[in-house]
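In my numbering, the protein residues as written are 2 to 234.
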C-alpha cells in the first residue's frame, strides 16, 4: 500500500454507509455523460467538467472490463472535459484506447504523489507518457517535495492538499509555500485546495474541522492561475 493510502477517507465513508470499499462496481450513473433528456439533448450540458472515479482510481485493474465503454463516452462527448487522478500511472499505457495518439484534448490526467519517493517513482513515468493535459496532485502532502525536475514537462497545474480524517498526518505550511515557489519559478499554475485535518503553521499545530479545510486554504490567497483553461482541483 502506498503511504498516501494509509488513512484513505474513502474506506471510512464506505464503512459508515455499510459498503465494502474493496468491491468494484459500476454505479447507477455510469453512463450519465451520454444520457439524454426526453427532448433528445444530453443531460450533462456542453462545456461541463466530468470527474472520473473521484473516490476511486480510474486505472484500477479490476475496472479494466468497463474502461473501453468510458473511452467511448469520452470520444462522444468531446464538448466536455474529463478529469481523473491516479496513483497507478504505470498502468496508463496498457489502458489507453487504440486511437489515443498523443492524447485526447478533452482529458486531464492528474498524477497523485504524497512524498519524494512516490514523486520520483511516478512522475518520471508520467512525463514520458502521451498526455495532452497533465496535473500533479500533491495530496495528501505528508512530506516536503522537490518537483523542479518535473515541472518542465508540460505540467499545467500542481494542486496541494493536506490529509483528511481522524488519523491524518500533519501538513506543514512551509512545504506548501515551497511547492508554490517552485511552480512560480517554472511558470506552472498552483492551487492550494485544502489544509487537511492537522496543519502546522509557524510551528503551531492546528486541528482543522473538515468543513473549514477548503475554505481556509482559499483564504490563504496563495493560488497561482496561469490561463483560463486552469481547472483548480
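Just so it is clear, CB atoms sit at the ideal spot from N, CA and C, and this is done for glycine as well.
Owing to the predicted nature of the structure, the values given are computational and were not obtained by experimental measurement.
task: Note down the Cα distance separating residue 209 from residue 217, rounded to an integer number of angstroms.
output: In the chain shown, the residue the question calls residue 209 occupies position 208. In the chain shown, the residue the question calls residue 217 occupies position 216. Residue 209 and residue 217: Cα-Cα distance of roughly 9 angstroms.
task: Would you give the residue range spanned by the alpha helix (DSSP H) that residue 118 belongs to?
output: Along the chain shown, one-based indexing puts residue 118 at 117. Counting along the chain, the alpha helix (DSSP H) containing residue 118 begins and ends at 117-127.
Alpha-carbon spacing of residue 126 relative to residue 54, whole angstroms: Here residue 126 refers to the residue found at position 125 when the chain shown is read from its first residue. Here residue 54 refers to the residue found at position 53 when the chain shown is read from its first residue. So the two alpha carbons sit approximately 21 angstroms from each other.
DSSP-derived helix/strand/coil call for residue 95: As a working note, residue 95 is residue 94 in the chain shown. Helix.
message: Would residue 1 and residue 197 be called neighbours here (beta carbons separated by less than 8 angstroms)?
response: Residue 1 cannot be examined here, being either before or after the span of the chain that is shown, 2 to 234.
query: Is the beta carbon of residue 133 sitting closer than 8 angstroms to the one on residue 153?
result: As a first step, residue 133 must be located in the chain shown, where it is residue number 132. As a first step, residue 153 must be located in the chain shown, where it is residue number 152. No; because the gap between Cβ atoms is not below 8 angstroms, this pair is not in contact.
field: Cβ-based burial, residue 195 [other Cβ within 10 Å; buried from 16]
entry: Indexing the chain shown from 1 puts residue 195 at position 194. Under this definition residue 195 is a buried residue.
Presumed contact (8 angstroms Cβ cut-off) between residue 224 and residue 192, rounded CB distance: Residue 224 sits at position 223 when you count from the first residue of the chain shown. Residue 192 sits at position 191 when you count from the first residue of the chain shown. Contact holds; Cβ gap of about 5 angstroms.
task: Go to residue 52, then tell me how far its beta strand (DSSP E) extends in each direction, as first and last residue.
output: As a first step, residue 52 is located in the chain shown; it is residue number 51 there, counting from the start. Residues 50-52.
task: Locate the beta strand (DSSP E) running through residue 158, then write down its first and last residues.
output: Residue numbering aside, residue 158 sits at position 157 when the chain shown is read from its first letter. Element bounds for residue 158: 156-162.
message: Looking at the ligand NAP, does it come within less than 7 angstroms of residue 180, judged from the CB to the closest heavy atom?
response: Looking for the ligand NAP in the displayed structure turns up nothing, as the structure carries no ligands at all.
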